[in-house]
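J.: Got a structure for you, questions after.
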Amino acid sequence: MEKPLTQHIVPGRKPLDLKAYEKVGGYQSVRKVLKEMTPTEVQTLVKNSNLRGRGGAGFSTGLKWSFVPMGPDAATPKYLVANADEMEPGTFKDRVLLEGNPHQLIEGMIVAAYAIQASISYVFLRWAYKLAAKEITQAIQEAYEAGYLGKNILGSGFDLDMHLHTGVGRYMCGEETALLNALEGKRANPRAKPPFPQVSGLFGKPTIVNNVETLCNLPHIINNGAEWFKKLSLTEDAGTKLYGVSGRVKKPGCWELPMGTTIREILEDYAGGMQDGYLFKGLLPGGASTDFLVEEHLDLPMDYGSIQAAGSRMGTGTMIILDDQTCPVGFVHNLQHFFAQESCGFCTPCREGLPWVEKILLAIDRGEGKPEHLLTLDFHTKFLGPGNTFCALAPGAMEPLQSALKYFREDFERHIHEHHCPWSIAWQPSI
Amino acid sequence: MLTAQEKHQIDHEISLVPTPQNACIEALKIVQQRQGWISDESLKDVAEYVGMSPAELDSVATFYNLIFRKPVGRHVILVCDSITCWVMGYEDIRDHLYNKLNITYGQTTEDGRFTLLPNCCLGTCDCAPTLMIDNDLYRNLTVEQLDEILIKYT
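Here the protein sequences line up with chains A and B, keeping their order. So for the first sequence, the UniProt record's numbering puts the first residue at 1; every next one is plus one. So for the second sequence, the UniProt record's numbering puts the first residue at 1; every next one is plus one.
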């Protein structure tokens, strides 16, 4: 089984330095694009590879790039930003790539920057990733010294600067336009679209924001071609995917597997199945802002299309397991507490709706719920849904709620009828 | 008053962006690194230095979780309270810290040693429950390990 993204990552071992990375073929894709390909050819190759954004939205990377104005009349400087602000609860995949092989990310960023002719790039890194910050800082320095960054890279005439920017903590920064505001030293509120960042992004210039895992795929696509990349997958969505599992399983972890590996295989063969004494009840397939899936979905391939067809989203591909001894209402309350806290407060449905949802869930969990509360939760899933808010935070928050109300409604009703949490009478709120 | 070194560091950040205001978060980080937090006085100094009103800068400073607008202890404990850590029982860790340090979230111990704060997912959910103290990440935590960990921070 090919594992292009993680082949040189050994957990607990220091990542390859530049020399060692070059020895295993590192930076070959930079040589290839700079010497043999036009930016348009790179864009076309990536589009043909069917690479889709690994940050959660799953938009075609090549198509995203194609909206950047090109040619001598395009505004400059253009920017490329690596979104390394991994903060989706339950998600820990980009950390693996950042800590394990920073040169792979830099190589991918040079390829992406060349494809859109960006001359300045940023790694927007989460503050909590201290080890990653250290490794990336060192890797960027090595890349400058070796002439992969800076002016006239490898004599090609192409210039690229790269900076590491560490954030100061806010979930909103993962939203690409909010991230750009944060980079500009502003509150991380999302921006109105259009204009899209491809046309008017960082400091009003054309900008592409790509997820870390997306960027790390680029060197391999350049070196091996679009057809090779498609064949890595078991289904229509190309490539491999970093899948993760956390919760009450025997071996929680993160693995690079062919795209389209089934949920059951990931859960049983890699995560080792449920811990003794715990039964599977449900899971969020790709972070806190995805709809629950249950037993009937376990044989679905984990890819964009299959999970969407089942009413959820693959999201980041890192699953969070709900076991039979964990209260689903408490579980969803924890999620809504997070979303209410992290709402930027810019638009009303999100700012006012999420704390309301959180309060109702807390009341239900404490045994103070009323039957009409479920209807109030139901209408929130509509009023905070897509189209009613400024960005995707509140609609994302409603995904686990609406699906919990669908699959675990009886559990919500039991809390209300029995006037206590059936899982724990002594449960304490996490505030 | 900003120190000469702080001004030097802030000037460098300003040189990387189109306007000085674009460097305001970096400037706050620089001052916080020395003082541990951003006092009203520091806020005014930074605002003046980058050409913003104090209110404008405060709207940025208070937006971010890790810019502290109140004094914090010598060490800041950030307890992950997100979903996987909750499933894996982080509340026992939190309650032990409450009892041991005799403070709750948002408070600082009387001796100024620790400030305790809740924090969003630390991105290491396969090793839940987790917390960070200053720059150090602790994973697969049990209540029994906590006391020994705390001793390291004086």
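Note that the Cβ used here is the ideal one computed from N, Cα and C, for glycine as well. Only a predicted model underlies this, so the values are computations on that prediction, with no experimental measurement involved.
Thinking residue 433 of chain A and G174 of chain A are a contact (beta carbons under 8 Å), I'd like their distance in whole angstroms, please.
T.: Only positions 1 to 431 of chain A appear in the structure, and residue 433 of chain A is not among them; the question remains open.
J.: Checking contacts by CB at 7 Å: is S15 of chain B closer than that to chain A?
T.: As a working note, residue 15 of chain B is residue 15 in the second sequence. For S15 of chain B, the answer is no, since every Cβ of chain A falls outside 7 Å of its Cβ.
J.: I'd like to know if Y64 of chain B contacts chain A, where contact means its C-beta is closer than 7 Å to some C-beta of that chain.
T.: Your numbering for residue 64 of chain B matches position 64 in the second sequence. Closer than 7 Å: yes.
J.: Shorter than 7 Å from the beta carbon of N140 of chain B to some beta carbon of chain A?
T.: Here residue 140 of chain B refers to the residue found at position 140 of the second sequence. No, because no Cβ of chain A sits closer than 7 Å to the Cβ of N140 of chain B.
J.: Report the neighbours of K29 of chain B on chain A: residues whose CB is nearer than 7 Å to its CB, in chain order.
T.: One-based indexing of the second sequence puts residue 29 of chain B at position 29. Here the neighbours are V168.
J.: Work out the CA separation of I153 of chain A and I78 of chain A for me, nearest whole Å.
T.: Here residue 78 of chain A is taken as the residue at index 78 of the first sequence, counted from 1. Here residue 153 of chain A is taken as the residue at index 153 of the first sequence, counted from 1. Reading off the sequence shown, one finds Lys at residue 78 of chain A, where the question assumed Ile. Between K78 of chain A and I153 of chain A, the C-alpha separation is close to 17 Å.
J.: Please compile the residues from chain B whose C-beta is within a distance smaller than 7 Å of the C-beta of C254 of chain A.
T.: The residue given as residue 254 of chain A occupies position 254 in the first sequence. Under the 7 Å cutoff, chain B gives D126.
J.: Using a Cβ-Cβ cut-off of less than 7 Å, list which residues of the stretch 269-283 of chain A approach chain B; keep chain order.
T.: Under the 7 Å Cβ criterion, the stretch 269-283 of chain A contributes no residue.
J.: For K64 of chain A, which of helix, strand or coil comes out of DSSP?
T.: Counting from 1 along the first sequence, the entry for residue 64 of chain A is found at position 64. Helix.
J.: Straight-line CA distance for Y407 of chain A to Y90 of chain B?
T.: One-based indexing of the first sequence puts residue 407 of chain A at position 407. One-based indexing of the second sequence puts residue 90 of chain B at position 90. Going from the Cα of Y407 of chain A to the Cα of Y90 of chain B covers about 26 Å.
J.: Please look up how many angstroms separate the CB atoms of Q32 of chain B and V50 of chain B, rounded, as I've assumed it's under 8 Å.
T.: As a working mapping, residue 32 of chain B is identified with position 32 in the second sequence. As a working mapping, residue 50 of chain B is identified with position 50 in the second sequence. Not quite, the Cβ-Cβ distance comes to about 15 Å (not below 8 Å), so this is no contact.
J.: DSSP state of S430 of chain A, grouped into three classes?
T.: Along the first sequence, one-based indexing puts residue 430 of chain A at 430. At S430 of chain A, the pLDDT of 49 sits below 50, so the modelled position is not reliable; the number obtained from the coordinates is stated separately. Coil, per DSSP.
J.: Would N135 of chain B pass as an interface residue toward chain A - the criterion being a Cβ-Cβ separation below 7 Å?
T.: As a first step, residue 135 of chain B must be located in the second sequence, where it is residue number 135. Yes, because at least one Cβ of chain A sits closer than 7 Å to the Cβ of N135 of chain B.
J.: Mind checking H12 of chain B: buried by the 16 CB within 10 Å criterion, or exposed?
T.: Taking the first residue of the second sequence as 1, we reach residue 12 of chain B at position 12. Exposed is the call here.
J.: Near I431 of chain A, which residues of its chain fall below 6 Å by C-beta distance, leaving aside the five closest residues on each side in sequence?
T.: In the first sequence, residue 431 of chain A corresponds to position 431, counting from 1. The predicted position of I431 of chain A is uncertain, since its pLDDT is 47 and thus under 50; no value can be drawn from it.
J.: Quick check on the DSSP output: the alpha helix (DSSP H) that includes W37 of chain B runs from which residue to which?
T.: As a working mapping, residue 37 of chain B is identified with position 37 in the second sequence. First-last for W37 of chain B: undefined, no H or E at that position.
J.: What first and last residue would you give for the alpha helix (DSSP H) that runs through L57 of chain B?
T.: Start at 1 with the first residue of the second sequence, and residue 57 of chain B comes out as number 57. Segment P54 to A61, the alpha helix (DSSP H) holding L57 of chain B.
J.: Anyone know if the C-beta pair for A61 of chain B and L97 of chain B falls short of 7 Å?
T.: In the second sequence, counting from the first residue as 1, residue 61 of chain B sits at position 61. In the second sequence, counting from the first residue as 1, residue 97 of chain B sits at position 97. In this structure, L97 of chain B does not lie closer than 7 Å to A61 of chain B by Cβ.
J.: Just to confirm, is the Cβ distance from K241 of chain A to G315 of chain A under 7 Å?
T.: Numbered from 1 along the first sequence, position 241 holds the residue referred to as residue 241 of chain A. Numbered from 1 along the first sequence, position 315 holds the residue referred to as residue 315 of chain A. No, Cβ-Cβ distance for K241 of chain A and G315 of chain A is not below 7 Å.
J.: K241 of chain A bridges to which residues according to DSSP?
T.: The residue given as residue 241 of chain A occupies position 241 in the first sequence. K241 of chain A is bridged to A:L257.
J.: Check the Cβ-Cβ distances between A394 of chain A and every residue of chain B, and say whether any is below 7 Å.
T.: By 1-based counting over the first sequence, the position of residue 394 of chain A is 394. Not one chain B Cβ lies under 7 Å of A394 of chain A.
J.: Ignoring anything shorter than 3 residues, give me the beta strand (DSSP E) runs that lie fully in the stretch 268-293 of chain A, in order along the chain.
T.: As far as the stretch 268-293 of chain A is concerned, its whole beta strand (DSSP E) runs of at least 3 residues are 280-284.
J.: Are E352 of chain A and Q336 of chain A closer than 7 Å when you measure CB to CB?
T.: By one-based count along the first sequence, residue 352 of chain A stands at place 352. By one-based count along the first sequence, residue 336 of chain A stands at place 336. For E352 of chain A and Q336 of chain A, no; Cβs fall outside 7 Å.
J.: Given that N22 of chain B touches chain A, what residues does it touch there, using C-beta distances under 9 Å?
T.: Along the second sequence, read from residue 1 onward, the residue named residue 22 of chain B stands at position 22. Result: L183, E184, G185, K186 and F203.
J.: Would you say L131 of chain B faces chain A, with C-beta separation under 7 Å as the test?
T.: Counted from its first residue, the second sequence places residue 131 of chain B at position 131. No, no contact with chain A.
J.: Between the stretch 135-152 of chain A and the stretch 241-250 of chain A, can you find at least three pairs of beta-carbon atoms closer than 8 Å?
T.: No, they do not touch.
J.: Please confirm whether E418 of chain A has its beta-carbon closer than 7 Å to some beta-carbon of chain B.
T.: Residue mapping note: residue 418 of chain A aligns to position 418 of the first sequence, counting from 1. With 7 Å as the cut-off, E418 of chain A does not count as an interface residue toward chain B.
J.: So if I threshold CB-CB distances at 8 Å, which residues from the stretch 205-220 of chain A count as touching chain B?
T.: Listed in sequence order: no entries.
J.: At the level of alpha carbons, what is the spacing between F229 of chain A and A310 of chain A?
T.: Position 229 of the first sequence holds residue 229 of chain A. Position 310 of the first sequence holds residue 310 of chain A. Going from the Cα of F229 of chain A to the Cα of A310 of chain A covers about 25 Å.
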